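So the sequence shown is residues 174 to 268, counted in the numbering used here.
Worksheet: one structure, shown below.
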Amino acid sequence: MIDNGVLSEVHEDTGWAAPTFFVPKKTPSVCTVCNFRALNSMIKRSPWPMPSTRILLHQIGGMIYMTALDQIMSDYTMNMSKKVWEYLAIILLFG
Numbered sequence: 174m175i176d177n178g179v180l181s182e183v184h185e186d187t188g189w190a191a192p193t194f195f196v197p198k199k200t201p202s203v204c205t206v207c208n209f210r211a212l213n214s215m216i217k218r219s220p221w222p223m224p225s226t227r228i229l230l231h232q233i234g235g236m237i238y239m240t241a242l243d244q245i246m247s248d249y250t251m252n253m254s255k256k257v258w259e260y261l262a263i264i265l266l267f268g
């Protein structure tokens, strides 16, 4: 994921690191699982509901059609603000 630009290495202590592991799928690929329960317990929830699919698609921008593959890969294209990066750190068994 580092080679694909999805993740970047962090060498300083962020104070937050979610344990992460890989679960094999029926196909020859794996699913990445991150345990963000500790972070989720600290989040102040917004009273506002999730935006509609139409609004979310509009925010992605530039798309006329959206396929199921686009939806599956959309997590990799969401930009996070720099102020939340420290909370989204993950740690693997091998470092």
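No residue lacks a Cβ here, since even glycine has one placed at the ideal position from N, Cα and C.
Everything numeric in this text was worked out from a predicted model, so none of it was measured.
List the residues that DSSP assigns as beta-bridge partners of F194.
As a first step, residue 194 must be located in the sequence shown, where it is residue number 21. Bridge partners of F194: V206.
N- and C-terminal bounds of the alpha helix (DSSP H) containing L230:
Mapped onto the sequence shown, residue 230 falls at position 57. Segment T226 to I233, the alpha helix (DSSP H) holding L230.
ask   = Less than 7 Å separating the beta-carbons of C207 and T187?
value = As a working mapping, residue 207 is identified with position 34 in the sequence shown. As a working mapping, residue 187 is identified with position 14 in the sequence shown. Cβ distance not < 7 Å, so C207 and T187 don't count as in contact.
Since I believe A191 is in contact with F209 (beta carbons under 8 Å), could you give me their beta-carbon distance rounded to a whole number of angstroms? Against the sequence shown, residue 209 aligns to sequence position 36. Against the sequence shown, residue 191 aligns to sequence position 18. Sure, about 5 Å apart at Cβ, within 8 Å.
How many Å lie between N213 and K199 at the Cα? Counting from one through the sequence shown, the residue named residue 213 turns up at place 40. Counting from one through the sequence shown, the residue named residue 199 turns up at place 26. Using only the alpha carbons, I get a separation of about 29 Å.
- Excluding five sequence neighbours on each side, which residues of the same chain lie with their C-beta closer than 8 Å to the C-beta of L266? On the sequence shown, position 93 is the one that residue 266 refers to. These residues qualify, in order along the chain: F194.
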